[in-house]
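Enquirer:
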Amino acid sequence: MLDRITGTKRTVEANGHLPVDANLITEPAQLASRVSAWEAVQAARNIQRPHTLDIVGRVFDRFHELHGDRGFRDDPAIVGGIADLDGRPVVIVGEQKGASTEENIARNFGMPHPEGYRKAMRLYRLAEKFHLPLITFIDTPGAYPGPEGEERGQAEAIAQSILLMARLQTPIVVVILGEGGSGGALALGVGDVVLAMQNAIYSVISPEGCAAILWRSPAEAERAAKAMRVSGPDLLELGVVDALIPEPAGGAHTDHAATAAAIRTALAAQLAKLERVPAADLMSARYERFRAFGALDEAGAAPPPPPPDSWWRRMMKRPSS
Amino acid sequence: MPFGRKPNEFPSHLWTQCPSCNEMLFNKQLARNLNVCTKCDHHFRLGARERIELLVDKGSFHEHDAALTSGDPLGFTDSKPYPERIAAAQTKSGEKDAIITGEATIGDNPVILAVMDFEFMGGSMGTVVGEKITRAAERALAERRALVIVSASGGARMQEGTLALMQMAKILGALARLDQARLPYVSVITDPTTGGVLASYASLGDIIVAEPGALIRFSGERVTSGTVGEKLPTGFGKAEFLLERGFLDQIVPRPQLRERIGFFLTAFRAASQDLRWSL
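Protein chains in written order, with my numbering: chain W, 252 to 572; chain H, 686 to 964.
1. In the DSSP assignment, the beta strand (DSSP E) including H/Q702 goes from what residue to what residue?
2. Suppose you measure from the CA of H/L860 to the CA of W/D506; what does that come to, to the nearest Å?
3. Can you check which of these residues, W/A378, W/V286, W/N359, is closest to W/I423 by C-alpha distance?
4. For W/F314 and chain B, any beta-carbon pair shorter than 7 Å?
5. Would you say W/F541 faces chain H, with C-beta separation under 7 Å as the test?
6. For a quick check, are the C-beta atoms of H/A924 and H/A884 less than 7 Å apart?
7. Just verifying my parser: in three-state terms, what is the DSSP assignment at H/S888?
8. Quick one: what does DSSP say H/C954 is sitting in, helix, strand or coil?
9. Using a 10 Å radius around the Cβ and a threshold of 16 neighbouring Cβ atoms, would you call W/N212 buried or exposed?
10. Please report how far the alpha carbon of W/I306 lies from the alpha carbon of W/A294, in whole angstroms.
11. Just by C-beta distance, which residues in the region 752-768 of chain H are closer than 8 Å to chain W?
12. Is the CB-CB distance between H/E748 and H/G787 below 7 Å?
13. Could you tell me the alpha carbon to alpha carbon distance between W/R255 and H/G760, rounded to whole angstroms?
14. For W/S433 and H/L699, I'd like the C-alpha separation in whole angstroms.
15. Which whole-angstrom value is the C-beta distance of H/I901 and H/I874, which I expect to be below 8 Å?
16. Run through DSSP, which three-state label would W/P270 get?
17. Determine whether the Cβ of W/V425 lies closer than 7 Å to any Cβ atom of chain H.
18. With respect to the beta strand (DSSP E) encompassing W/Y453, which residues constitute its N-terminal and C-terminal limits?
19. Between W/Q405 and chain H, is there a C-beta pair that is closer than 7 Å?
20. If we ignore side chains and look at the alpha-carbon of each, how far apart do H/A799 and W/V330 end up?
21. Going by beta carbon distance, what residues of the same chain come within less than 8 Å of H/G792, once the five residues before and after it are set aside?
22. State the start and end residues of the unbroken beta strand (DSSP E) segment that holds W/R373.
23. Going by Cα to Cα distance, which pick from H/E708, H/S697, H/G779, H/F903 is closest to H/C725?
24. Count the other CB atoms, across all protein chains shown, that sit within 10 Å of the CB of W/Q411; report buried if there are 16 or more and exposed otherwise.
25. With W/L573 and W/P384 assumed to form a contact (beta carbons below 8 Å), what rounded beta-carbon distance in angstroms separates them?
26. Mind checking who W/I340 pairs with in its DSSP beta bridge?
27. I need the DSSP call for W/Q420, collapsed to helix, strand or coil.
28. If we require 3 or more residues per run, which beta strand (DSSP E) segments fall completely within the region 712-790 of chain H?
29. Would you list the residues sitting across from H/Q935 in a DSSP beta bridge?
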């Protein structure tokens, strides 16, 4: 028996903060038309799409950016600070792409270095210390894979960010704005509510990377995107996101103001609900939300296929690394 | 290779050439030496069952959740359907997935042990690996045991898409609880450990040790080289490099692993206010 758990719905309902607001899409059937996975990839990467600072500037009444990880430098691919939504102060952290080639070079195409994640963690702790809700915006092709990142502990920084979000004692709302690229996205992605823009994507590896490995050709990225089910409606069905925020008819890039207005409505509603949840309930619901992700077959109590050889003989053959 | 001998004097089912010092090693002797080259100490990869035997006090291991297998949540197909890939890997290895978990003692310290096997689909982390490690951590918490995870993995399993990615958050949620309960977690990193496994539990131990020469890096060689457009210096991303950069506590040769882990666990237990974690 395949126990496909789409955990979020169950746990979130149990805690009474399922996003049921009129403007959110919680079932794929609510969508008039469903874009293909590849169309979603292209929409999510559209350079004209509103990026984190565009959205923050339009959604929040005031925003003051806070810079630096207090250790190494200020990573321009991650921005953060204190903002204010209808008089309610919140901490913002988001990945920042550019709207032009020059800006993208300055922002490293939205690919954070370890110090970016360490800045994010500093701001997560700030939110917890002063009981401010945390809102994160995900928009990255992935964490920067270059040698400087490796040298400064890219993997460690991501691991620590995920761990910290898992235990952070303050409400967290995650919004996937555009591209959710693997661990570099998840480092901002552990929340009580995870929302995605209608045309956002989220994936374990870039479609090009997956295609290069499994089809041995990056040109098969379209097939890989479809197979990995990276589009908004797919993520909704898998339970990876709780709801989609609708985009204007032509996509978010056609109307930044309308896109921001939809995000604002969604955030205001979520914060109002999360604020009423006691901290202990919040923590256990967050644990259960992620605990539930699985696709397991345990009833298949049939014994495993017999090993072709004794372990000793396998060991004899094995040394071939 | 010794001078004057022809390659066919060393049939591969009997002999293995060390990639590091080129010595021809007699397979039986190599296995007896824990898959470590008798001449230059090059560490060959080691399967999960053999690893468990090497790490735990003799006869103390009892396996948990052995029946857990993966479904096909995405209906994933590349050149062949994902369920066929799993079945092929199961037949080849005799294991259900890329990890074996269970309880044991190490130097008389009660532990929950999770050992990954790179031979099973590149040690990739899907929902089974995620579930078994999470259960291992939860069991360690409930029974107040230490947790020891031995990593060997190419990263998250693409065929399970974002559900594989979510395992990172799921496992770390459980590790956070273990940490809050002041229970020790020892991460042992072996060759190779990359991607989502390194970017989650492998990098988070109270103690993090690695085997000599292990490849440990976030991104694959081709990705990194492609980004910088040049060849990386030799040794980049090896255990020794990470030790120098401050991301490992120690590099421990394979024959010393059990004793070393036992030493740390005993030390933590002695210093712990809560002596109960011993039982």
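Ideal placement from N, C-alpha and C gives every residue a C-beta, glycine not left out.
Remember, it's a predicted structure, so these values are computed and weren't measured experimentally.
Expert: Let's see:
1. For the purposes of this step, residue 702 of chain H is identified with residue 17 of the second sequence, where counting begins at 1. First-last of the beta strand (DSSP E) with H/Q702: 700-702.
2. Here residue 860 of chain H is taken as the residue at index 175 of the second sequence, counted from 1. Here residue 506 of chain W is taken as the residue at index 255 of the first sequence, counted from 1. Looking at the two C-alpha atoms, the distance is approximately 43 Å.
3. On the first sequence, position 172 is the one that residue 423 of chain W refers to. When each option's Cα is compared against that of W/I423, the closest is W/A378.
4. This model lacks chain B altogether, as its protein chains are W and H.
5. Counted from its first residue, the first sequence places residue 541 of chain W at position 290. Answer yes: the Cβ-Cβ gap between W/F541 and chain H drops below 7 Å somewhere.
6. In the second sequence, residue 924 of chain H corresponds to position 239, counting from 1. In the second sequence, residue 884 of chain H corresponds to position 199, counting from 1. Contact: no.
7. For the purposes of this step, residue 888 of chain H is identified with residue 203 of the second sequence, where counting begins at 1. Under the three-state reduction of DSSP output, H/S888 falls in the helix class.
8. For the purposes of this step, residue 954 of chain H is identified with residue 269 of the second sequence, where counting begins at 1. Inspection of the sequence shows that residue 954 of chain H is occupied by Arg rather than by Cys. DSSP, reduced to helix, strand and coil, places H/R954 within a helical segment of the structure shown.
9. Here chain W has residues from 252 to 572 only, and residue 212 of chain W is not among them.
10. Here residue 306 of chain W refers to the residue found at position 55 of the first sequence. Here residue 294 of chain W refers to the residue found at position 43 of the first sequence. Distance between the alpha carbons of W/I306 and W/A294: 17 Å.
11. Of all residues in the region 752-768 of chain H, A752, L753, T754, S755, G756, D757, P758, L759, F761, T762, D763, S764 have a Cβ within less than 8 Å of some Cβ in chain W.
12. Indexing the second sequence from 1 puts residue 748 of chain H at position 63. Indexing the second sequence from 1 puts residue 787 of chain H at position 102. Yes, Cβ-Cβ distance for H/E748 and H/G787 is below 7 Å.
13. Here the question's residue 255 of chain W lines up with position 4 in the first sequence. Here the question's residue 760 of chain H lines up with position 75 in the second sequence. Only weak support exists for where W/R255 lies, its pLDDT of 30 falling under 50; the coordinates are left without a value.
14. Numbered from 1 along the first sequence, position 182 holds the residue referred to as residue 433 of chain W. Numbered from 1 along the second sequence, position 14 holds the residue referred to as residue 699 of chain H. Distance between the alpha carbons of W/S433 and H/L699 is about 43 Å.
15. Taking the second sequence and counting its residues from 1, one reaches residue 901 of chain H at position 216. Taking the second sequence and counting its residues from 1, one reaches residue 874 of chain H at position 189. Sure, about 6 Å apart at Cβ, within 8 Å.
16. Start at 1 with the first residue of the first sequence, and residue 270 of chain W comes out as number 19. The predicted position of W/P270 is uncertain, since its pLDDT is 42 and thus under 50; no value can be drawn from it.
17. Your numbering for residue 425 of chain W matches position 174 in the first sequence. By this cut-off, W/V425 is not an interface position.
18. As a first step, residue 453 of chain W must be located in the first sequence, where it is residue number 202. Taken as a continuous stretch (DSSP letters only), the beta strand (DSSP E) holding W/Y453 covers 452-454.
19. Within the first sequence, numbered from 1, the residue matching residue 405 of chain W stands at position 154. It does: the Cβ of W/Q405 has a partner Cβ on chain H nearer than 7 Å.
20. If you number the second sequence from 1, residue 799 of chain H lands on position 114. If you number the first sequence from 1, residue 330 of chain W lands on position 79. So the two alpha carbons sit approximately 37 Å from each other.
21. Position 107 of the second sequence holds residue 792 of chain H. In chain order, D742, R943, E944, I946, G947, F948, L950, T951 place their CB closer than 8 Å to the CB of H/G792, counting only its own chain and leaving out the 5 sequence neighbours on each side.
22. Along the first sequence, read from residue 1 onward, the residue named residue 373 of chain W stands at position 122. Per DSSP, W/R373 belongs to no beta strand (DSSP E); it is in the alpha helix (DSSP H), 365-380.
23. Within the second sequence, the letter at position 40 stands for residue 725 of chain H. Closest by alpha carbon: H/E708.
24. Translated into positions along the first sequence, residue 411 of chain W becomes position 160. Label assigned to W/Q411: buried.
25. The requested residue 573 of chain W is not part of the displayed model; chain W covers only 252 to 572.
26. Against the first sequence, residue 340 of chain W aligns to sequence position 89. First, the residue type needs correcting, since residue 340 of chain W is Pro and not Ile in the sequence shown. The partner list for W/P340 (beta bridge, DSSP) reads W/D335.
27. Reading the first sequence from its first residue, position 169 is the one you call residue 420 of chain W. In the structure shown, W/Q420 falls within a coil segment according to DSSP collapsed to helix, strand and coil.
28. With a minimum length of 3 residues, the continuous beta strand (DSSP E) runs that stay inside the region 712-790 of chain H are 747-749.
29. Mapped onto the second sequence, residue 935 of chain H falls at position 250. Answer is H/V894, bridged to H/Q935.
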